[in-house]
Structures are given as C-alpha cells and as structure tokens.
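Participant:
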Amino acid sequence: MSEKHLPDPNDPQAWSRYVEDFRLSAHSSVEWIAAYLGNIRAIPVLPTMRPGELVDALPAHAPEQGESFETILADFQSKILPAVTQWNHPGFMAYFGTSASTPGILAELLIAAMNTNGLHWKTSPAVAELEQVALGWLREWLTLPPEFFGIIYDTASTSTMHALICAREFAQPETREEGYHGNLVVYTSDQAHSSVEKGAMAVGIGQKNVRKVPSDAEFRMKTDVLRSLIEADLRAGLQPACIVATIGTTSSTSVDPVAECAALAEEFNLWLHVDCAYAGPCALLPECAAHFKGIERAHSIVPNPHKWLMTQMDLSAFYTRKPHILRQALSLVPEYLRASEDPRAVHLMDYGVPLGHRFRSLKLWFILRYFGRDGVMEFLRRHNQFAREFAGWVDADERFERIAPVPFSVVCFRLKGSDELNKAVIEKVNTSGSTFLSHTALNGQFVIRIAIGNIATGLGDVELAWKLILDAAEEERQTNK
Ligand SMILES: Cc1ncc(COP(=O)(O)O)c(C=O)c1O
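Sequential numbering from -11 applies to the sequence shown in the numbering used here.
1. Does the contact criterion of 3 or more C-beta pairs under 8 Å hold for the region 431 to 446 versus the region 80 to 91?
2. Using a 10 Å radius around the Cβ and a threshold of 16 neighbouring Cβ atoms, would you call residue 150 buried or exposed?
3. In whole angstroms, what separates the C-alpha of residue 94 from that of residue 104?
4. Helix, strand or coil: how does DSSP classify residue 385 here?
5. Ligand 1 and residue 292: does the residue's C-beta get closer than 7 Å to at least one heavy atom of that ligand?
6. I need the DSSP call for residue -8, collapsed to helix, strand or coil.
7. Could you give the DSSP three-state label for residue 427: helix, strand or coil?
8. State the DSSP-derived secondary structure class of residue 311, mapped to helix, strand or coil.
9. When DSSP labels each residue in this structure, what does residue 17 get in the three-state scheme?
10. Using the C-alpha atoms, what's the distance from residue 463 back to residue 141?
11. On the DSSP bridge list, what partners appear for residue 139?
12. Less than 8 Å between the beta carbons of residue 213 and residue 201, yes or no?
13. How many Å lie between residue 119 and residue 244 at the Cα?
14. Between the C-alpha atoms of residue 123 and residue 338, what's the straight-line distance to the nearest angstrom?
15. Do residue 77 and residue 21 have their CB atoms nearer than 8 Å?
16. Exposed or buried, what is residue 174 when buried is set at 16 or more other beta-carbons lying within 10 Å of its beta-carbon?
17. Since I believe residue 368 is in contact with residue 273 (beta carbons under 8 Å), could you give me their beta-carbon distance rounded to a whole number of angstroms?
18. Run through DSSP, which three-state label would residue 371 get?
19. Could you spell out the range, first to last residue, of the alpha helix (DSSP H) harbouring residue 127?
20. What did DSSP end up calling residue 321 once you bin it into helix, strand or coil?
21. How about residue 236 and residue 267: do their beta carbons lie closer than 8 Å?
22. In whole angstroms, give me the CA-to-CA distance for residue 35 and residue 44.
23. Identify, in the order they occur along the chain, each residue of the same chain with its Cβ nearer than 7 Å to the Cβ of residue 129, setting aside the five sequence neighbours on each side.
24. How long is the line joining the alpha carbons of residue 256 and residue 460, rounded to whole angstroms?
25. Can you tell me the Cβ-Cβ gap for residue 164 and residue 193, rounded? I've got them flagged as a contact below 8 Å.
26. For residue 259, write down the residues that DSSP places opposite it in a beta bridge.
27. Would you be able to state if there are at least three C-beta pairs under 8 Å between the region 248 to 265 and the region 283 to 303?
28. For the region 48 to 61 against the region 401 to 414, do three or more pairs of beta-carbon atoms, one drawn from each stretch, fall closer than 8 Å, so that the two count as touching?
29. So, using beta-carbon positions, are residue 354 and residue 91 closer together than 8 Å?
30. So residue 98 packs on residue 350, CB below 8 Å; how close in whole Å?
31. Rounded C-beta distance between residue 138 and residue 324? I'm assuming under 8 Å.
32. Is the region 52 to 68 touching the region 204 to 220, taking contact as three or more C-beta pairs under 8 Å?
33. Does the separation of the CB atoms of residue 401 and residue 435 fall below 8 Å?
34. Which class does residue 83 belong to by DSSP, given the choice of helix, strand or coil?
35. Does the Cβ-Cβ distance between residue 336 and residue 126 come in under 8 Å?
36. Taking buried to mean at least 16 other C-beta atoms within 10 Å of its own C-beta, is residue 303 buried or exposed?
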C-alpha cells in the first residue's frame, strides 16, 4: 500500500504525524529485537540459500511512492532475515566471534537519531571529546601509557593503512607534497592479516615491498630472519620503514615477539605498528600480560572493539604515540573547514583520510560503562577458558591433532587424515544450523578453526560444536570405509 510520508516542514501536524509514525514502529522494532535476541538459538546460524536468491526475491526497482514501516518490516522479516548470517548466534564460531551487545544496540539507535558529524570540533564537540574520553578509558584498561592518542576508524584494515601512512611520513616526509618515490619496505610475518599487504598496496608502497618474515613452529615471527631481511634491504639500497607485528594472528592467534620487534624498530629507526585487532582486549587480563610485552614501545596499535569487546560493527581503535606524524601526513584545511585553534579543540579530520566522522564513541562509551572492567574481564576469561577446555578434548582424542597453541579463545585442529576429510567435516557441521566453523591453512594443511567470542556462547554451545564435529567425523569414517 502506498503512503505519502514526506512531512511538510510548514505543517506542524504533518511533522508530528511523521514522528508519531516513527514512535509506533520503533516500539515494534524494539520488541522484535528483544524477541530476536531472546530466541537467537532458534534461528539457523547460516542461511540456506543459493547466491542471487535474495536479489531475485526483491523488486528490481525502488518504489515510486512511499511504503509503510509495517510493510517494510514484514519484508525484512520474511525476505532479509533468512539471508542473514547470524553473527550474534552463540554457535557462531567462525572467523572471529563478535557480539551485538544491548548497550551497543541502544547507542546505535541514538547515534542514528542524532546523525551528528564530527568533522572538526565545532561540528560536534561531543564527537571530538567523547572519543578522547572513551578511548582514554580503553587505553587505561589496555595498560597503555597516556601519551597514546586514540582515534576511531571503521575497521582494522583502515587503521593499519593509517599506520602505513604514518610509517611513510616518518621515513619520507616529502611524499605528502611530491608523491611517493618508492624504495620503502614493510616487514610483517607470514601469518599477518592480509590488511597489511592491502594497506601497502593502497598507500603506494606496493606488494613486492612487503617482506613476509617466516614464522617459527608456533607461528611467531622469527626476529633473527627479520633482522637479516632489514640488513639485506639496506645493503640493496632500499629503505626499511615499518614493522607490523601481530598479537593474535588471524589463523592461529599466535603472538609475535613484540619486544624484539621494538628493539629492531628502535635500532633501525623504523615505525612499529602492532595489530591486536582481535586479541587487544586481553591486555586487560593480568594472566595475558606476557603476550603484550613491549607493546608500549610501538608507534601505533590497533585493537578492534568490534571483534572481541561486545561492540557492533564498525569500530576500530587506532592509537599512536606520534599523533603529530599522522597529522603531518594528512591534515589539510581548506578555508571552509577552518576551525578553532584552541589546543583543546581536537579536529578529527586532521587525523585520517575521511572527513566525516561518525559518533561511534558513544557506542563504546555505553558498552564500557554498562559492563564495566569486571564484566569485560569475565567475558574474556570465559571464552579463554572454553577454548582451553575444547583444546583438552582435542588433545585427549587420538583421532585429532591440535595444530597450534591456544593463547586466547581460538583452537586450530584437524582430524588426522586428508584435507578433503576435514573439509567434509566442516561442511557437515555447518549444515546443522547450530554451529558455524571456518577453516585456515597452517603448515600447508587445511585446518579447522573454532573461535569463541560471542556474549551468548555458553559451555553447552562449545560442547555441542564438539559433538557435531565427532558425529561428522564418524559419519565420514563410515562413508569412506
Ligand atoms: C589480526 C587481524 N587484523 C586485522 C583484521 C581486519 O579486520 P577488519 O575487518 O576490522 O578490517 C583482522 C580480521 O579478522 C584480523 O584478524
């Protein structure tokens, strides 16, 4: 049914009707969200659909006349929801788990309602200042020194790209004006996330100038090889510029020796960036302190609250103790954006490629306050404990082998046998609707990965995942007899 919704700004009653229409639908949307979260286990974690099915189910053209919220929400429920992979599901144990916590949902609603944009301080003082407060709180929890300045970007990939911009500025400040002359080299481990290479592609350093330093038997960067690569590049007339170390690599959550990387960065005057997009929150836990040794010597750091800190996409925290380098690289102020020169007025547009700046910090601020340090610590410890229990089950079953240590909440393992066998097991588990696992490659082999990180995940969900794996393995064994 078509409806005219655009309010006439000169007609106060029309505006009231517009707002009232929102109020009614907002109530039913919130009821829907509460029912959805309350019954999340009943929804299949993975959609069962063919590529293109949703496109085919929706009209090819947008409507000429407006439609009611009721119709739109009904279509959301019947057509969109079945095509959604449920990252909120307690059985979502693929990639890195994440959670749409309730304070985050409410903050997103308020952020969307205010639609404020913090380009520079005056365009929204709250955006500029709350970001410093929320990131200051998080910095303290992560035990980073106060000189680390924080800014929120959308994703860790963007944060790491900004780290590479800083590294380029640090090594070749003339680039900003003259363009890039080449010659810079970035070092990261062969286990680093692809965003490092992508960042190097994006900022002009180029893939061939990213050295993938081999890792040891526990998937940690070999710093003796790192040193010899740096020395060889110097001899070849290249300019080593940046080391990217990872705490919690994507495949196995291994931890690079950050303190050793810091020593090399200091010796050769390189930028050190630490990617702890996933594992960063564990810096809160005293029992994990050893994994973060040396992190304070990094020039920049990225933890992603939207991975393991109960924060909805998208919220990546970028910290640097050399904000003037970031600013030097990217600040550009045309007349129409000229703003206060008060030193306390932070202009976020000076510290990144984007001009517009979402009020993401409100979401982080809600979440940190709602759960508190104790709640966050318990959340992380729970997941680390589940992972240790799961690793124990794998270790105790001689049909399986564990492929990597378990410093955090991910276990990498495989069924002894072919890659095809392991692929078949994952496929079977993932058709269950109750568990979703993903894979990786380690030592050239296909490896099953279980990643625990959702607020709704209980030990029972982890036990169920193990049971499904055992059942699938047994079925495969029977079929292949
Ligand atoms: C260690 C690490 N760094 C960076 C990223 C990229 O994260 P984002 O999706 O926020 O760009 C990931 C994604 O899983 C990751 O595991």
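Virtual Cβ for every residue (Gly too), placed ideally from N, Cα, C.
Facilitator: Based on what the coordinates show:
1. yes
2. buried
3. 16 Å
4. coil
5. Yes, the Cβ of residue 292 comes within 7 Å of a heavy atom of ligand 1.
6. coil
7. strand
8. In the three-state reduction of the DSSP assignment, residue 311 falls in the helix class, which pools H, G and I.
9. helix
10. 46 Å
11. 306
12. With respect to the 8 Å criterion, residue 213 and residue 201 are classified as neighbours on the basis of their beta carbons.
13. 29 Å
14. 17 Å
15. no
16. With 16 or more other Cβ atoms within 10 Å, it is buried.
17. 6 Å
18. Collapsing the DSSP output to three states places residue 371 in a helix.
19. Start and end: 113 to 129.
20. coil
21. yes
22. 16 Å
23. Counting only residues of its own chain and dropping the five nearest sequence neighbours on each side, residue 129 has a CB closer than 7 Å to the CB of 272 and 361.
24. Taking the straight line joining both Cα atoms gives about 52 Å.
25. Not confirmed; about 15 Å, so no contact.
26. Beta-bridge partners assigned by DSSP to residue 259: 230.
27. yes
28. no
29. Taking the C-beta atoms as reference points, residue 91 is found nearer than 8 Å to residue 354.
30. 6 Å
31. About 27 Å; that fails the 8 Å criterion.
32. no
33. yes
34. Residue state, collapsed to three classes: coil.
35. No, the pair does not count as a contact, with Cβ atoms beyond the cut-off.
36. buried
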